[in-house]
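Working notes for the structure below.
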């Protein structure tokens with residue numbers, strides 16, 4: 003694969019159809035489950051307009067297998083998945099690195115993560131913004147970062163906060179707040 007060239011594929015999991023995009027350097031995009039292959043394909047085409055569909059190279063195939071295990075409910079870790087993120091902000095890079103260290107079945111809050119990075123409580127909002135802009139949810143497990151008091155908080159992926167709650171439930175984490183006004187993907 004030539005430098006600068008990007009590819010993507012969609013694949014089925016127990017939760018629905020996901021998408022993953024990559025460059026020669028690593029994964030650049032992950033899309034959480036949609037109900038249909040066509041919906042996942044459209045989402046990847048929107049988010050990676052400059053990319054073409056392709057067969058995943060071995061490191062991406064490993065990430066796909068891990069995502070399938072995750073949505074089947076198996077403890078899964080993505081720390082070894084190489085990423086190629088176009089993140090200009092150094093603080094966002096630090097936030098993403100810290101979030102990647104949050105293990106299966108564990109959670110933290112926006113404020114706690116900010117504090118762990120040596121920032122004050124006002125940086126909790128920056129952590130929230132980084133999670134909302136996360137191009138590779140699941141691989142950078144933004145679903146494990148909660149609002150103050152352990153409340154579910156927002157989730158910009160398909161299904162919103164309900165999807166976040168379901169992902170945490172797969173990991174054995176019970177967060178009971180259930181926003182009634184958000185749709186969910188069906189798993």
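Numbering (the numbering used here), first residue to last: 3 to 189. Every residue, glycine too, gets a C-beta built ideally from N, C-alpha and C.
Quiz item: Can you tell which of 37, 131, 168 and 148 has its C-alpha closest to the C-alpha of residue 109?
Solution: 148
Quiz prompt | Among 38, 72 and 86, the one whose alpha carbon lies nearest that of residue 137 | solution = 86
Self-check item: Closest Cα partner of residue 160 within the set 141, 9, 36 and 19
Solution: 36
Practice problem: Output yes or no for whether 7 Å exceeds the beta carbon distance between residue 32 and residue 66. | Solution: no
Practice problem: State yes or no: is the C-beta of residue 63 within less than 7 Å of the C-beta of residue 94? | Solution: no
Quiz prompt | Minimum C-alpha distance to residue 2 - residue among 140, 42, 155 and 106 | solution = A query on residue 2 cannot be resolved here, the shown segment of the chain reaching from 3 to 189 and no further.
Quiz prompt | C-alpha gap between residue 119 and residue 97, whole angstroms | solution = 7 Å
Quiz item: Does the beta-carbon of residue 174 have 16 or more other beta-carbons within 10 angstroms, so that it is buried, or is it exposed?
Solution: exposed
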